[in-house]
Amino acid sequence: MRCTPGFALPLLLIGGSAGAAPGETPARLVESPLSTANLLETAGGLLLVVAVMLALAWLVKRYVQVPGIGKGQVQILGGVSLGAREKAVLLSVEGRRLLVGIAPGRVQTLLVLGEGDAAVPNFAEQLDGASRRTEGKAAS
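Take 129 as the starting number for the sequence shown in my numbering and just add one per residue.
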């Protein structure tokens with residue numbers, strides 16, 4: 129078989145520019161999906177999506193009030209261990225203070241103390257009361 133260069137040359141020229149418009153150079157037909165440009169573009173997009181997700185999570189945590197999250201109406205004011213598995217805990221519920229006993233499988237109200245804000249003096253008031261008592265004992 130004999131190949132004639134005059135027959136093959138026009139086919140190569142037509143095949144190379146078949147997809148290009150007149151006056152344009154033909155584009156590359158296949159680009160590697162593992163090229164540096166594709167990998168950098170994918171990594172940048174992934175970082176952008178993760179950043180948006182973190183920003184939205186922060187905004188929701190900061191500004192949206194979800195029931196059951198946060199302080200709520202029940203606050204633990206203090207507690208003391210009474211044994212290996214027993215505790216006494218002071219709670220504040222809607223302004224009232226409760227002393228509850230906690231044991232395995234049981235929680236029981238021990239004492240209702242009333243309004244929390246009026247019954248608890250601040251440190252300055254406690255210090256004044258203690259200094260008055262010591263002055264009164266010293267004068268006697």
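We put the beta carbon where it would ideally sit given N, CA and C, even for glycine.
{"Item": "Limits of the alpha helix (DSSP H) - the one that V180 falls within", "Value": "164 to 191"}
{"Item": "Residue from L174, A183, Y191, V240 whose Cα sits closest to the Cα of V221", "Value": "V240"}
{"Item": "Nearest neighbour of T237, chosen from G206, V208, L226 [CA to CA]", "Value": "L226"}
{"Item": "Enclosing beta strand (DSSP E) for L210 [first to last residue]", "Value": "It is not in any beta strand (DSSP E) - L210 carries neither H nor E in the DSSP assignment."}
{"Item": "L205 vs L219 beta-carbon contact at 9 Å", "Value": "yes"}
{"Item": "Nearest neighbour of A231, chosen from E243, R213, G242 [CA to CA]", "Value": "R213"}
{"Item": "Simplified DSSP assignment, three categories, for Q254", "Value": "helix"}
{"Item": "Residue span of the beta strand (DSSP E) that contains E243, given as start and end", "Value": "234 to 243"}
{"Item": "Alpha carbon of G242 to alpha carbon of G207, nearest angstrom", "Value": "18 Å"}
{"Item": "Under 9 Å between C-beta atoms of E229 and K215", "Value": "Per the sequence presented here, residue 229 reads as Gly, with Glu not at that position. Cβ distance < 9 Å, so G229 and K215 count as in contact."}
{"Item": "Continuous beta strand (DSSP E) stretch holding G229: start and end", "Value": "224 to 231"}
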